[in-house]
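*Asks:* First the structure, which I've put down as structure tokens, then a few questions once you've had a look.
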Amino acid sequence: MRTRTLNISLPERLVEALDRRAQAEARSRSEVIRAAALSYLQWWDEWRTLQAYGRRRGRRLGVRPRGLERLIAQARTERPVRR
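Take a look at the structure:
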């Protein structure tokens, strides 16, 4: 895999946390940052896919965004929250 070097600014506490994680996993700081960036990008893709699914289901069921908020509120009052 070809790589590029980037210069980024991070808060000192974040750098310290990255270094602790890298040491705990016997990895380099770059490897930890690379894994975190990849994880974020994968999460974002999954989130967008889930949103698209929700929009499709909503259209099929005839639910509009305002109606969805009402349905959620209704469902929350019908089912007690378990903690």
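With this note's numbering, the residue at position 47 of the sequence shown is 913, and numbering never jumps. We put the CB at the ideal spot given by N, CA and C, even for glycine.
Between the alpha carbons of S875 and V881, how many angstroms are there, rounded?
*Replies:* Along the sequence shown, one-based indexing puts residue 875 at 9. Along the sequence shown, one-based indexing puts residue 881 at 15. Distance between the alpha carbons of S875 and V881 is about 9 Å.
*Asks:* Report, in whole angstroms, the separation of the C-beta atoms of V929 and L937, which I expect to be a contact under 8 Å.
*Replies:* As a first step, residue 929 is located in the sequence shown; it is residue number 63 there, counting from the start. As a first step, residue 937 is located in the sequence shown; it is residue number 71 there, counting from the start. Between L937 and V929 the Cβ distance is about 7 Å, and since that is below 8 Å, they are a contact.
*Asks:* Could you check which residue in R942, R932, L872 and L927 has the C-alpha nearest to that of R900?
*Replies:* As a position in the sequence shown, residue 900 is number 34, starting the count at 1. The residue with the shortest Cα to Cα distance from R900 is L872.
*Asks:* With V881 as the anchor, note down where its alpha helix (DSSP H) starts and where it stops.
*Replies:* Within the sequence shown, numbered from 1, the residue matching residue 881 stands at position 15. Run containing V881: E878 to A890, per the alpha helix (DSSP H) assignment.
*Asks:* Mind checking whether E897 and A888 have CB atoms under 8 Å apart?
*Replies:* Within the sequence shown, residue 897 is the residue found at index 31, counting from 1. Within the sequence shown, residue 888 is the residue found at index 22, counting from 1. It is a contact, given that the beta carbons lie within the stated cut-off.
*Asks:* Tell me which same chain residues have a C-beta within less than 6 Å of the C-beta of L884, skipping the five on either side of it?
*Replies:* Numbered from its first residue, the sequence shown carries residue 884 at position 18. Correct list, in chain order: R895 and V898.
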